[in-house]
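Student:
Chains as they are written, first to last, in our numbering: chain A, 1 to 520; chain B, 1 to 545.
1. Name the chain B residues that come within less than 8 Å of residue 277 of chain A, Cβ to Cβ?
2. So residue 55 of chain A contacts chain B; which residues on that side make the cut at Cβ distance below 8 Å?
3. Relative to the C-alpha of residue 106 of chain B, which candidate in B/74, B/148 and B/127 has its C-alpha closest?
4. Taking DSSP as the reference, what is the three-state secondary structure of residue 441 of chain A?
5. How would you label residue 41 of chain A, buried or exposed, when you count the other beta carbons within 10 angstroms and need 16 or more for buried?
6. Entirely within the stretch 228-279 of chain A and at least 3 residues each: give me those beta strand (DSSP E) ranges in chain order.
7. Check the C-beta distance from residue 281 of chain A over to residue 50 of chain A and give it rounded, since I have them as a contact under 8 Å.
8. Identify each residue in the stretch 209-233 of chain A for which the Cβ-Cβ distance to at least one residue of chain B is less than 7 Å, and report them in chain order.
9. How many Å lie between residue 361 of chain A and residue 107 of chain A at the Cα?
10. Using a Cβ cut-off of 9 Å, which residues of the stretch 325-356 of chain B contact any Cβ in chain A, in chain order?
11. In this structure, what does DSSP give as the bridge partners for residue 481 of chain A?
12. Just to check my reading of the structure: residue 67 of chain A and residue 90 of chain A have Cβ atoms closer than 8 Å, yes? What is that Cβ distance to the nearest angstrom?
13. Using a Cβ-Cβ distance under 8 Å, would residue 37 of chain B count as near chain A?
14. Give the straight-line distance between the Cα atoms of residue 191 of chain B and residue 235 of chain B, rounded to the nearest whole angstrom.
15. Taking C-beta pairs closer than 7 Å, name the residues in chain B that residue 348 of chain A reaches, listed in chain order.
16. Starting from residue 169 of chain A, find everything on chain B with Cβ-Cβ shorter than 7 Å and list it in chain order.
17. Have a look at residue 195 of chain B and residue 442 of chain B and give me their C-alpha separation to the nearest angstrom.
18. Would you report the Cα separation of residue 87 of chain B and residue 447 of chain B, rounded to the nearest angstrom?
19. Could you check whether residue 360 of chain B and residue 436 of chain B sit closer than 8 Å to each other, using their CB atoms as the reference points?
20. Let's see if you can read the secondary structure: which residues bound the alpha helix (DSSP H) around residue 296 of chain B?
21. Counting only Cβ pairs nearer than 7 Å, list the residues of chain B close to residue 139 of chain A.
22. Compare the C-alpha of residue 132 of chain B against each of B/108, B/159, B/111 and B/150 and name the closest.
23. Quick one: which chain B residues come within Cβ less than 9 Å of residue 128 of chain A?
24. Less than 8 Å separating the beta-carbons of residue 279 of chain A and residue 460 of chain B?
25. Tell me the residue span of the beta strand (DSSP E) that contains residue 329 of chain A.
26. The beta strand (DSSP E) that contains residue 517 of chain A, what's its start and end?
27. Is it buried or exposed, residue 152 of chain B, if we count other Cβ atoms within 10 angstroms and call 16 or more buried?
28. Looking at the unbroken beta strand (DSSP E) that takes in residue 49 of chain A, where does it start and where does it end?
29. Measure the alpha-carbon distance for residue 287 of chain A versus residue 96 of chain A and round it to whole angstroms.
30. Measuring CA to CA, which of B/157, B/121, B/165 and B/528 is closest to residue 335 of chain B?
31. May I ask you to list, following chain order, the residues of the stretch 298-317 of chain B that have a beta carbon less than 9 Å from some beta carbon of chain A?
32. Is it buried or exposed, residue 197 of chain B, if we count other Cβ atoms within 10 angstroms and call 16 or more buried?
33. Using C-beta distances below 8 Å, list every residue in its chain close to residue 204 of chain A, excluding the 5 sequence neighbours before and after it, in chain order.
34. Output needed for residue 48 of chain A: all residues of its chain with C-beta closer than 6 Å, excluding positions within five of it in sequence on either side, in chain order.
35. Fully enclosed by the stretch 131-160 of chain B, which alpha helix (DSSP H) runs are 4 residues long or longer?
36. Decide if residue 477 of chain A is buried, meaning its Cβ has at least 16 other Cβ atoms within 10 Å, or exposed.
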């Protein structure tokens, strides 16, 4: 069957979730409705950039096509029995990622499959540029978060910091500001070196000279520090903050940086975005160790990533700030389906990315990629979701930015995905969100059942299933519903295979959506 | 608001102190480090080629070249507001229009400003531009109203820059701009004005010593000032903004001159100046110049400009004395002093490397000139761009022709900070913004012609542009007066390759150079150069020469 058809026709809210969802607790999604932070003001987004192009196929392994994977990349493939089960038999996770697998089973990790953009550019520089600016076609002067910040800070940097915005909007952990935060005039991110490492960029570190030159360096250095009005707030928040998780490994640089992030958030820093980087994903050779594909460069990178995120999430929970933080990984491209002779992989196209937090909508968004039974030279994974739609959805769901404003930040026609809508909870819904929040059902295509998600006011609602000729084939219910988001599980096992509509009629506006019933 | 607190000067025994005090010719290694040091101190923004040529040619030949003054160019008209001259032609001999003079005044002042900023970019290796700015700082007279007078003033500085200092002081005394600026034109026998007399002694020639009694400044007294004011009477400026063909001139009128006999204090051996009309001022200056302290005073200023702010007792008693001796022995010719200084052991001592924080003009030109960023537009765009360049250096604290006070720019006299006066929280931000602007946009003319830093040209001029470590090494040689740390070099290399590693940078560069017309590949490489240069320009090391 063709899994790609619905990509182009994806309308707001209609996502594809693989039909074989056995074991995924659908009610875990409902639970997340009660674990959200009411105001967008408190919310923090953590971006983790995987520098070099992460091999998605060895990260999230499409088990339903394992035989073809063996044909494509036998010398690096993870042994099937070592893949971590995620409660379904059609995909699993790299064995080293026990921490993130744990988060997945607790409903705190969302895997979005096949994220990328059409006409992939396989240059590191160019593609990373595309991912950080959120612009595919033009040489963008701004980053996607820069445009977000610009949308409500037209005068930045003039008059900042101020009483309303006393803290840096974003922090880039490391020596560099982040391109994602480049605004029209200035960059919104402050580069903060790893606080546990006191080396300072500006001076000749080890032996400050007692010379005229050395005194000038020290002087200029001190003026630079003075001129950084944000610096004092960052330092204060580190002092005021706390660390409660024991899971951080001091040798794991990402973990220690995330530890600092948790500390800054718990210490009251109002920064909205933190950007972190992990280098080394460009695994052209030695991705795995010959003869032991569960070891090697890629494995240690995934371990770094998984352990760090796991410790971070644990810390956030212990600190009582879990609802305030959403995280996301991204990389400039995935890698080719077939491996090379050097036990590695070359630049590819789309790949899965992770979103993590206490109120993610769905554990898996998207299908397994299609793995052919023969090697096609240089072939990568096909795009299912445009990365810009992931960004747009996060801005919409997490930072509660109205859809029209989100659209203004992107060149293409934005298609919102349900990534973190649960974070806005039933009582947190505003009229604005009532209009904008989409309706969808999952799984689609479905076999035995599908869940229809929609929003209503406090009103009488009629739900029915209609065939392609417009005849009602099922009356599901007619009743009074409360003003909230509803998840209605509808049995479909006695429907003939084919296409149907679900129809929701209510005074606040009727909605119709299409779904497909399949037999196998 | 400047939140800078005064630097505590480190006692001379704790820093430096070990530097060579020898003015004998330098015989040590002559590598890029020494050559670049010489060039950074004598030229604005030396390029890689100039540094390499200096190494190849040797110290002596390079100093010879530096002390050669290239031919002059003329400021040309570029604004349609000019009423008399025409675009592309010089206005320096043109009269002013009879009415509605202001647009022409403005057009010519801007032409002059554009021209002098353009001169900073003269590719010929010469000390002329740094010497001119030195004299502009020393004789800090300003005028933004009579353009021909302003041209005449700056040409006096340029023509005399390595010449006879005594003669320069004489010429400056009756220079129309100076006469106007320090009220020489209103100093007459009926109401003397001491302004010029005071600055002549305090700033321009002998300098003020400690005040040892009422009105006694060791080197001269208040009485001397009063007498000198009388000596200077009788001079006025004519043809100011004149619509006739005559240039602005200074002329002497007996009727305004005080003919009484003037006598100076014992500081000048009680010298007497009889009534000699328009010849008196020159006689006076000869008398002042009989005091060797004049030589020391100007040598200290040259030392602070070219070597170091710190005039310790030992430097004063050795280096300054030797420089002054040479000046006096050569009848106050400046060139022999510079000749000795620029070839001396002292000048190349490593302890005196990196003693100066770049002034704004040095800062800005080092970004454009050292990268050999060039432009070739027509007159209008060229002059507009150099004007804006000049406004921008003014914005970061130093506008050519506009020293903020008669004593010059504070960085050259203000204790204890000296060149640290260029840096405060506001100015460091502006410097960073300026470097960002220069890299990503560039100065822009009205019609959109731009002058950005030519990052690709710079990269292509390197010996091994595909090697990120080599690129950083070349940037370090070009821009840093002392070595960076290994961590800093790694940081810059990782910036260049965006943490993708050396092989990826090499691939990107090779893709670009295989077809430089491919805009996408060129942009990738150019963007990485820009962000690397930005990081380098933000480092404290970049601000120091």
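Every residue, glycine too, gets a C-beta built ideally from N, C-alpha and C.
Tutor: According to the structure shown:
1. Looking up residue 277 of chain A in the first chain gives position 277. The answer, in chain order, is 499.
2. Against the first chain, residue 55 of chain A aligns to sequence position 55. Neighbours of residue 55 of chain A on chain B: none; closest Cβ ~16 Å, over 8 Å.
3. Here residue 106 of chain B is taken as the residue at index 106 of the second chain, counted from 1. Residue B/148 is the option with its Cα nearest to residue 106 of chain B.
4. In the first chain, the residue the question calls residue 441 of chain A occupies position 441. Here DSSP, grouped into helix, strand and coil, assigns residue 441 of chain A to strand.
5. As a position in the first chain, residue 41 of chain A is number 41, starting the count at 1. Exposed, because fewer than 16 other Cβ atoms sit within 10 Å of the Cβ of residue 41 of chain A.
6. 273-279
7. Numbered from its first residue, the first chain carries residue 281 of chain A at position 281. Numbered from its first residue, the first chain carries residue 50 of chain A at position 50. With a Cβ gap of about 5 Å, residue 281 of chain A and residue 50 of chain A count as contacting.
8. 210, 211, 212, 213, 215, 216, 217, 219, 220, 221, 223, 224, 226 and 227
9. Stepping through the first chain from its first residue, residue 361 of chain A is reached at position 361. Stepping through the first chain from its first residue, residue 107 of chain A is reached at position 107. If I take the Cα positions, the gap works out to 9 Å.
10. 350, 351, 352, 353, 354, 355 and 356
11. On the first chain, position 481 is the one that residue 481 of chain A refers to. Note: residue 481 of chain A sits in a beta bridge opposite A/459.
12. Here residue 67 of chain A is taken as the residue at index 67 of the first chain, counted from 1. Here residue 90 of chain A is taken as the residue at index 90 of the first chain, counted from 1. That belief does not hold up - the Cβ atoms of residue 67 of chain A and residue 90 of chain A are roughly 13 Å apart, past 8 Å.
13. Locating residue 37 of chain B in the second chain gives position 37, counting from the first residue. With 8 Å as the cut-off, residue 37 of chain B does not count as an interface residue toward chain A.
14. Stepping through the second chain from its first residue, residue 191 of chain B is reached at position 191. Stepping through the second chain from its first residue, residue 235 of chain B is reached at position 235. If I take the Cα positions, the gap works out to 13 Å.
15. Taking the first chain and counting its residues from 1, one reaches residue 348 of chain A at position 348. Correct list: empty, because the minimum Cβ distance to chain B is about 16 Å.
16. Numbered from 1 along the first chain, position 169 holds the residue referred to as residue 169 of chain A. Those within 7 Å of residue 169 of chain A in chain B number zero; the least Cβ separation is about 17 Å.
17. The sequence position of residue 195 of chain B within the second chain is 195, counting from 1. The sequence position of residue 442 of chain B within the second chain is 442, counting from 1. One C-alpha to the other measures close to 42 Å.
18. In the second chain, the residue the question calls residue 87 of chain B occupies position 87. In the second chain, the residue the question calls residue 447 of chain B occupies position 447. One Cα belongs to residue 87 of chain B, the other to residue 447 of chain B, and the distance between them is close to 16 Å.
19. Indexing the second chain from 1 puts residue 436 of chain B at position 436. Indexing the second chain from 1 puts residue 360 of chain B at position 360. The answer is no: Cβ separation not under 8 Å.
20. For the purposes of this step, residue 296 of chain B is taken as residue 296 along the second chain, with counting starting at 1. Per DSSP, residue 296 of chain B belongs to the alpha helix (DSSP H) from 293-306.
21. Here residue 139 of chain A refers to the residue found at position 139 of the first chain. Near residue 139 of chain A (Cβ distances below 7 Å), the residues of chain B are 523.
22. Walking along the second chain from the start, residue 132 of chain B turns up at place 132. The candidate whose alpha carbon is nearest that of residue 132 of chain B is B/159.
23. Your numbering for residue 128 of chain A matches position 128 in the first chain. Per Cβ cutoff of 9 Å: 498 and 500.
24. Walking along the first chain from the start, residue 279 of chain A turns up at place 279. Walking along the second chain from the start, residue 460 of chain B turns up at place 460. No, the pair does not count as a contact, with Cβ atoms beyond the cut-off.
25. On the first chain, residue 329 of chain A is found 329 positions in, with the first residue counted as 1. Start and end: 325-331.
26. Along the first chain, read from residue 1 onward, the residue named residue 517 of chain A stands at position 517. Here the beta strand (DSSP E) through residue 517 of chain A covers 511-517.
27. Along the second chain, read from residue 1 onward, the residue named residue 152 of chain B stands at position 152. Burial call: buried.
28. Against the first chain, residue 49 of chain A aligns to sequence position 49. That run of the beta strand (DSSP E) goes 44-51.
29. Residue mapping note: residue 287 of chain A aligns to position 287 of the first chain, counting from 1. Residue mapping note: residue 96 of chain A aligns to position 96 of the first chain, counting from 1. Rounded to the nearest angstrom, the two C-alpha atoms are 14 Å apart.
30. As a working mapping, residue 335 of chain B is identified with position 335 in the second chain. It is B/165 whose Cα lies nearest to the Cα of residue 335 of chain B.
31. 308, 309 and 310
32. Within the second chain, numbered from 1, the residue matching residue 197 of chain B stands at position 197. Taking all protein chains shown into account, residue 197 of chain B has 16 or more neighbouring C-beta atoms within 10 Å of its C-beta and is therefore buried.
33. Here residue 204 of chain A is taken as the residue at index 204 of the first chain, counted from 1. Confidence in residue 204 of chain A is poor, its pLDDT being 34 and thus under 50, which makes the residue's placement too unreliable to answer from.
34. What you label residue 48 of chain A is simply residue 48 of the first chain in a count that begins at 1. Within its own chain, the residues whose Cβ lies closer than 6 Å to the Cβ of residue 48 of chain A, once the five positions on either side in sequence are excluded, are 276 and 329, listed in chain order.
35. Entirely contained in the stretch 131-160 of chain B, the alpha helix (DSSP H) runs reaching 4 residues are, in chain order, 147-159.
36. Sequence index remark: in the first chain, residue 477 of chain A carries index 477 (1-based). Exposed: under 16 other Cβ atoms inside 10 Å.
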